[in-house]
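A.B. asks: First the structure, then my questions, so here it is.
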Amino acid sequence: YSGLPGLDCLVVPRHWLQSLSPVALRTELLRRAGLLASGARWRGVVLAMAWNLTGFMISAAMPWVRLDTVFGLIQAALGCTLWSFLGLLILPSLSRPAVIEADRWALSHGATQPALLLAMTEIDQFQDDEPSRSKWVERIFHPIPSIESRIKALDSQARRTGAWQAARLALYLSWAHFGLLSRAVHCNSGRPELWVMLPGD
């Protein structure tokens, strides 16, 4: 999706239209509808904007920062960059539950478990191709759970509300407060398609 909440515009990568199987594509479109219906996308955008605004306010409020000087702006930008890094550690844990939320929504609105697994697998092969990871690796830097984690979560009775793509959106929107990690963070470095287009889940 692109746009502000309420003005959401569905963006379907051309690669998906050409490469995903029809069943996987239908399932993914159903999941996308679920992101809007559950409010997960709205929460992700609002959280990302609030995170960046908070970081700028904290950086600008430091007693040694004067925004009317070039040096003060650089100091604020460095503070915002550190704040963005902190977001990379915290926000993925709020983003992951939204992926599970969309999976559950799709299953309760016509998708089958084999179709959902097929969609997960095909999209994962286009991206990280990491169907399983250790818990600690996933916990820190991965806003999209592995296929293994998603399947386990669907079998679990625990329900959590998430903020879809909050971690990635916060990175993208960090340009507004002079954050410097948007293109430099390990998951985006050398992958210009991810500088604007969020990875699929």
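Just add 789 to wherever you are in the sequence shown, counting from 1, and you've got the working numbering.
The beta-carbon is built from N, C-alpha and C at its ideal position, and this holds for glycine as well.
(1) Between Ala837, Leu856, Ala887, which lies nearest to Leu824 when the distance is taken from Cα to Cα?
(2) Less than 7 angstroms between the C-beta atoms of Ala866 and Val854, yes or no?
(3) Please state if the CB of Glu817 and the CB of Ala908 are separated by a distance shorter than 7 angstroms.
(4) Residue ranges of each alpha helix (DSSP H) run of no fewer than 4 residues wholly in the region 807-837, ordered along the chain?
(5) Rank Leu871, Val859, Leu796 by C-alpha distance to the C-alpha of Ala995 and give the top, closest one.
(6) In the region 897-934, which residue ranges form an unbroken alpha helix (DSSP H) of at least 4 residues, counting only runs that do not cross its ends?
(7) Measuring straight from C-alpha to C-alpha, what distance separates Leu983 and Asn977?
(8) Given this structure, state the Cα-to-Cα distance separating Arg885 from Ser848, to the nearest angstrom.
(9) With a 10 Å radius around its C-beta and 16 neighbouring C-beta atoms as the bar for buried, classify Arg948 as buried or exposed.
(10) Do the region 831-841 and the region 920-931 make contact, defined as three or more Cβ pairs closer than 8 angstroms?
(11) Can you list, in chain order, the residues of its chain whose CB lies under 8 angstroms from that of Leu987, leaving out five sequence neighbours each side?
C.D. replies: With the given structure in hand:
(1) Ala887
(2) no
(3) yes
(4) 811-826
(5) This structure cannot speak to residue 995, because the chain is shown only from 790 to 990.
(6) 902-915, 924-930
(7) 6 angstroms
(8) 28 angstroms
(9) exposed
(10) no
(11) Gln954, Arg957, Leu958, Tyr961
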